[in-house]
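Student: This is the structure I want to talk about, given as structure tokens.
Number of protein chains: 2
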Amino acid sequence: MNPQRKIVTASPENSETPLDNSAGWVTPNRLFFVRNHFEPPVATDAAAWTCTLDGLVARPAAWTFAELASLPQHTVFATVECAGNGRSFLRERAEGVQWGAGAIGNAEWSGVPLRTLLEPAGLAAGATEVVFEGADHGEEHGHAMNFSRSLPLAKALHPDTIIALRMNGEWLEPNHGAPMRLFVPGHYGVASVKWLRAMRVIDHAYPGFFQTTKYSVNRPGPGGKVRQPIGASAVKSAILQPPEGAQLGLGRHLVAGLAWAGEEKIAGVDVSSDGGRTWQAAQLKGIRQPYCWCQWETRWTVGAAGDYTLLARAHTETGQTQPLDYNPDNLGYIINLPIARNVSVAASRPAQVYFADAPPWNDFMEAYATENSRRPLDVELALTAGDGI
Amino acid sequence: MNPQRKIVTASPENSETPLDNSAGWVTPNRLFFVRNHFEPPVATDAAAWTCTLDGLVARPAAWTFAELASLPQHTVFATVECAGNGRSFLRERAEGVQWGAGAIGNAEWSGVPLRTLLEPAGLAAGATEVVFEGADHGEEHGHAMNFSRSLPLAKALHPDTIIALRMNGEWLEPNHGAPMRLFVPGHYGVASVKWLRAMRVIDHAYPGFFQTTKYSVNRPGPGGKVRQPIGASAVKSAILQPPEGAQLGLGRHLVAGLAWAGEEKIAGVDVSSDGGRTWQAAQLKGIRQPYCWCQWETRWTVGAAGDYTLLARAHTETGQTQPLDYNPDNLGYIINLPIARNVSVAASRPAQVYFADAPPWNDFMEAYATENSRRPLDVELALTAGDGI
Numbered sequence: 037m038n039p040q041r042k043i044v045t046a047s048p049e050n051s052e053t054p055l056d057n058s059a060g061w062v063t064p065n066r067l068f069f070v071r072n073h074f075e076p077p078v079a080t081d082a083a084a085w086t087c088t089l090d091g092l093v094a095r096p097a098a099w100t101f102a103e104l105a106s107l108p109q110h111t112v113f114a115t116v117e118c119a120g121n122g123r124s125f126l127r128e129r130a131e132g133v134q135w136g137a138g139a140i141g142n143a144e145w146s147g148v149p150l151r152t153l154l155e156p157a158g159l160a161a162g163a164t165e166v167v168f169e170g171a172d173h174g175e176e177h178g179h180a181m182n183f184s185r186s187l188p189l190a191k192a193l194h195p196d197t198i199i200a201l202r203m204n205g206e207w208l209e210p211n212h213g214a215p216m217r218l219f220v221p222g223h224y225g226v227a228s229v230k231w232l233r234a235m236r237v238i239d240h241a242y243p244g245f246f247q248t249t250k251y252s253v254n255r256p257g258p259g260g261k262v263r264q265p266i267g268a269s270a271v272k273s274a275i276l277q278p279p280e281g282a283q284l285g286l287g288r289h290l291v292a293g294l295a296w297a298g299e300e301k302i303a304g305v306d307v308s309s310d311g312g313r314t315w316q317a318a319q320l321k322g323i324r325q326p327y328c329w330c331q332w333e334t335r336w337t338v339g340a341a342g343d344y345t346l347l348a349r350a351h352t353e354t355g356q357t358q359p360l361d362y363n364p365d366n367l368g369y370i371i372n373l374p375i376a377r378n379v380s381v382a383a384s385r386p387a388q389v390y391f392a393d394a395p396p397w398n399d400f401m402e403a404y405a406t407e408n409s410r411r412p413l414d415v416e417l418a419l420t421a422g423d424g425i
Numbered sequence: 037m038n039p040q041r042k043i044v045t046a047s048p049e050n051s052e053t054p055l056d057n058s059a060g061w062v063t064p065n066r067l068f069f070v071r072n073h074f075e076p077p078v079a080t081d082a083a084a085w086t087c088t089l090d091g092l093v094a095r096p097a098a099w100t101f102a103e104l105a106s107l108p109q110h111t112v113f114a115t116v117e118c119a120g121n122g123r124s125f126l127r128e129r130a131e132g133v134q135w136g137a138g139a140i141g142n143a144e145w146s147g148v149p150l151r152t153l154l155e156p157a158g159l160a161a162g163a164t165e166v167v168f169e170g171a172d173h174g175e176e177h178g179h180a181m182n183f184s185r186s187l188p189l190a191k192a193l194h195p196d197t198i199i200a201l202r203m204n205g206e207w208l209e210p211n212h213g214a215p216m217r218l219f220v221p222g223h224y225g226v227a228s229v230k231w232l233r234a235m236r237v238i239d240h241a242y243p244g245f246f247q248t249t250k251y252s253v254n255r256p257g258p259g260g261k262v263r264q265p266i267g268a269s270a271v272k273s274a275i276l277q278p279p280e281g282a283q284l285g286l287g288r289h290l291v292a293g294l295a296w297a298g299e300e301k302i303a304g305v306d307v308s309s310d311g312g313r314t315w316q317a318a319q320l321k322g323i324r325q326p327y328c329w330c331q332w333e334t335r336w337t338v339g340a341a342g343d344y345t346l347l348a349r350a351h352t353e354t355g356q357t358q359p360l361d362y363n364p365d366n367l368g369y370i371i372n373l374p375i376a377r378n379v380s381v382a383a384s385r386p387a388q389v390y391f392a393d394a395p396p397w398n399d400f401m402e403a404y405a406t407e408n409s410r411r412p413l414d415v416e417l418a419l420t421a422g423d424g425i
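Protein chains in written order, with our numbering: chain A, 37 to 425; chain B, 37 to 425.
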């Protein structure tokens with residue numbers, strides 16, 4: 037009843053959001069998945085923590101946490117997914133942390149728009165990228181390094197790209213990058229460098245380990261395949277209900293889940309109960325906006341006992357759709373094919389009656405909401421009573 | 037740097053959300069204002085906590101917390117305000133807790149739609165209200181009582197009215213009604229009975245203390261003024277920046293805040309810097325939907341030193357507007373006139389340069405967000421460079 041993050045590796049912590057147990061659109065901070073490459077550095081004096089800016093700028097600068105906290109804050113809701121989320125579902129095992137479906141979460145991020153810091157510094161004409169360096173330090177493939185990654189200048193200057201100080205209104209926690217992190221809405225989590233301590237403006241493709249050796253994919257190029265850093269998140273969905281292996285009765289069942297598409301907005305989700313032969317449109321629910329996952333649900337009526345494979349497939353307003361097969365050029369990242377959810381149905385089990393639709397006579401009563409003037413209600417009830425309610 | 041709730045009374049706790057320090061749309065649970073009438077009861081065995089249903093129903097019923105948690109959950113974002121919020125700003129002191137502006141917060145509420153419990157119970161034809169009783173117990177005006185309040189049946193059956201188990205994705209905390217509370221989006225907080233333990237369907241106006249003696253207002257009726265329980269929240273706004281008493285320089289300043297309107301959606305906010313003689317429209321920002329506060333901001337250019345009185349005034353899509361004067365028939369509740377924020381401006385102080393608008397050359401770069409294809413960026417930069425950036 038009090039879910040915790042699901043630990044995948046203990047040191048450093050890599051852990052998943054317990055999606056099946058955290059009903060709602062916002063993921064609480066303590067349940068929000070953690071992806072650490074090295075041990076999290078601890079800010080012993082958060083107020084004095086400093087982030088520097090240098091490289092191709094006219095005026096190098098530095099800001100303490102206290103200074104950033106005193107500037108006007110910008111807020112953005114965004115879903116963040118680890119680029120390796122779902123890796124354990126791949127038929128051919130890919131190298132890396134074997135994530136289930138929960139390396140994803142949705143939160144409200146608040147902080148200082150990066151462009152309000154970059155612009156006054158005077159960007160040089162040839163600038164193309166900004167490199168961000170975290171304070172986390174360790175060894176990869178025999179080389180000591182800090183975690184670092186670059187962003188194209190245009191995305192760095194986007195008004196929603198911020199140095200985040202808060203997550204869901206709370207100051208960042210150590211595992212989420214306290215006291216400050218880059219936050220890049222719509223991109224895979226690797227872009228949002230935690231424990232941010234330095235920014236450098238450059239004029240070339242940054243050859244950092246975490247965007248050349250790791251977190252990169254093969255894409256068609258002029259002379260064949262070209263290795264590219266991953267960037268914006270791809271369209272994807274997840275089924276949350278019913279749970280994997282559920283044992284259901286005949287009747288109507290709720291099939292519900294989430295869908296997201298990086299910088300784009302979800303336009304629809306289709307659900308199949310026969311392993312992908314036929315699909316039916318689900319209903320989108322609640323808040324639906326760019327960057328963020330949206331909730332969806334549909335009712336599935338099943339009249340025959342047997343084993344069923346449920347699939348969900350999302351598409352966006354620009355026509356981006358989840359592929360039905362995994363692209364091996366994604367090299368263990370961007371795993372956005374529909375993941376099967378298997379359930380069994382038996383006639384001997386009771387149907388889940390509480391999933392039934394509410395009777396339609398409620399709909400016209402929903403408009404009634406003025407401040408406690410009760411007489412109209414009596415009339416409405418008189419019209420609808422005697423109906424077995 | 038680590039704000040806490042502002043305590044107004046210590047026992048039982050009544051405390052405010054530190055609005056000036058909690059940037060963002062969602063209010064974190066630990067900062068979310070608390071309004072307790074009696075000491076909060078503590079659920080020693082939350083899973084076994086039971087809520088009963090009786091009265092004018094064919095099938096009385098009861099549900100444990102564990103049972104409710106196993107049902108499909110519905111999520112709704114809503115701003116909740118105490119009906120006495122802002123009472124300390126009234127020129128004539130009104131009885132009751134002397135709230136500042138912070139008896140308000142915005143959160144994601146998740147739980148079981150009440151109608152999925154009420155309908156299968158078989159509501160009688162004459163039913164008009166549902167009474168909700170909390171487990172909190174104490175004395176008021178010499179009478180021992182539990183906190184209790186009723187809701188018109190139509191609002192009780194609204195699909196967004198829920199028995200809430202979670203707040204911002206976390207299980208409820210004791211001060212917020214753990215393990216279960218009624219949650220009535222769009223109504224003043226008093227409607228959302230905490231520590232819910234009993235529901236009774238009735239066919240008359242419930243004469244409970246907290247809707248006849250307290251939490252009621254005078255309204256015109258057939259034979260003069262009629263006392264009515266308060267219900268839906270009225271339209272209202274708050275200025276969060278600049279702070280009260282701010283000392284500013286000449287130049288452009290950010291004026292920003294929040295606006296909300298119960299079950300309605302905010303259509304606009306006007307801001308005055310001359311105590312209400314002239315008004316200018318502010319810009320609405322971020323998420324805007326029924327039940328919820330929305331963020332707004334505007335730039336205020338001031339060219340002369342002096343003392344200024346800032347006011348904000350919100351209106352809704354149906355034309356509801358904040359009144360400029362307090363209605364004494366509201367009896368110390370529904371305090372929704374604009375609250376003055378006084379600032380002083382002196383030529384000798386530096387302007388707040390970090391409030392300046394970003395240069396327009398960023399706007400056409402915002403569309404650039406495809407996955408790390410960097411060449412178009414170089415062209416765009418060439419067009420805009422040499423401009424002193």
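For every residue, glycine included, the Cβ atom is placed at its ideal position computed from N, Cα and C.
Source: prediction; values computed, not measured.
(1) Establish whether the CB of A/I43 and some CB of chain B are separated by less than 8 Å.
(2) In chain A, what lies closer than 7 Å to B/R202 by C-beta?
(3) Taking DSSP as the reference, what is the three-state secondary structure of A/E175?
(4) Within its chain, find whatever has a CB closer than 6 Å to the CB of A/A303; leave out the 5 residues flanking it on each side and keep chain order.
(5) Could you tell me which residues DSSP puts in a beta bridge with B/P344?
(6) In chain order, what are the residue ranges of uninterrupted beta strand (DSSP E) at least 3 long that sit wholly in the segment 131–191 of chain A?
(7) Closest by CA to A/E49, which one among A/T88, A/N211 and A/G60?
(8) Run through chain B and tell me which residues come within less than 7 Å of A/P64, C-beta to C-beta.
(9) Is B/G170 close to chain A? Criterion is C-beta to C-beta, closer than 8 Å.
(10) Whose Cβ in chain B lies nearer than 8 Å to the Cβ of A/I238?
(11) Using 8 Å as the cut-off, can you tell me whether the segment 322–340 of chain A makes contact with the segment 271–288 of chain A, which would need three or more C-beta pairs spanning the two stretches below that distance?
(12) Please report the straight-line C-alpha distance between A/Y404 and A/N182, rounded to a whole angstrom.
(13) For chain A, is any of its Cβ atoms less than 8 Å away from the one on B/I198?
(14) Cβ of A/T111 less than 8 Å from any chain B Cβ?
(15) Leaving out the 5 sequence neighbours to the left and right, which residues in its chain are closer than 7 Å to B/D56 when beta-carbon positions are compared?
(16) To which residues of the same chain is A/V253 closer than 7 Å at the C-beta, ignoring the five residues directly before and after it?
(17) For B/S273, which residues in chain A fall below 7 Å Cβ to Cβ?
(18) Report yes or no: is there a C-beta of chain A within less than 8 Å of the C-beta of B/A394?
(19) Roughly how many whole angstroms lie between the Cα atoms of B/E128 and B/D361?
(20) Alpha carbon to alpha carbon, how far is A/G162 from A/Q247? Give it in angstroms, no decimals.
(21) Considering only residues of the same chain and omitting the five flanking positions on each side of B/E169, which have a CB-CB separation below 8 Å?
(22) State yes or no: is the C-beta of A/L189 within less than 8 Å of the C-beta of A/E165?
(23) Helix, strand or coil: how does DSSP classify B/N363 here?
(24) Where B/W336 and A/F113 are concerned, what is the direct C-alpha to C-alpha distance, given to the nearest angstrom?
(25) List the endpoints of the continuous beta strand (DSSP E) containing A/Q247.
(26) A/A157 and A/R95: beta carbons closer than 8 Å?
(27) One question on the structure: do A/A83 and A/F101 come within less than 8 Å of each other, judged by their Cβ atoms?
(28) With respect to the beta strand (DSSP E) encompassing A/S51, which residues constitute its N-terminal and C-terminal limits?
(29) Hey, A/R66 and A/C118: beta-carbon distance below 8 Å or not?
(30) Residues in its own chain within less than 7 Å of B/A79 by CB, not counting five upstream and five downstream?
(31) Looking at the secondary structure, which residues open and close the beta strand (DSSP E) in which A/L294 lies?
(32) Give the interface partners of B/G322 over in chain A, defined as CB-CB distance under 7 Å, in chain order.
(33) Taking the beta strand (DSSP E) that A/S308 falls in, what are its first and last residues?
(34) I'd like to know whether the C-beta of B/E144 is nearer than 8 Å to at least one C-beta of chain A.
(35) Mind checking if B/L67 is an interface residue toward chain A, Cβ cutoff 8 Å exclusive?
(36) For the beta strand (DSSP E) that A/S252 lies in, which residues bound it at each end?
Tutor: Based on what the coordinates show:
(1) no
(2) A59 and G60
(3) strand
(4) H351, T352 and E353
(5) In the sequence as displayed, the identity of residue 344 of chain B is Tyr instead of Pro. According to DSSP, which records beta bridges pairwise, B/Y344 is partnered with B/V379.
(6) 140–149, 165–176 and 179–188
(7) A/N211
(8) N204, G205 and E206
(9) no
(10) Ordered by position in chain B, no residue passes the 8 Å Cβ test against A/I238, which lies about 12 Å from the chain.
(11) yes
(12) Note that A/Y404 has pLDDT 28, beneath the 50 cutoff, so the model's placement of it is unreliable and the number below is only indicative. C-alpha separation (whole angstroms): 59 Å.
(13) no
(14) yes
(15) L276 and P279
(16) Q264, I266, D365, N366, L367, Y369 and I370
(17) What B/S273 touches in chain A: nothing, since even the nearest Cβ is about 18 Å away.
(18) Note that B/A394 scores 36 on pLDDT, short of 50, meaning its location in the model is unreliable; the coordinates nonetheless yield the value given after this. Yes, its Cβ sits closer than 8 Å to a Cβ of chain A.
(19) 12 Å
(20) 21 Å
(21) N182, F183, S184, V229, L232, R233, A234, M235 and R236
(22) yes
(23) coil
(24) 27 Å
(25) From DSSP, A/Q247 is part of no beta strand (DSSP E) but of the alpha helix (DSSP H) over F245 to T248.
(26) yes
(27) yes
(28) N50 to E52
(29) no
(30) W85, A214 and P215
(31) G287 to W296
(32) T111
(33) I302 to S308
(34) yes
(35) yes
(36) S252 to G257
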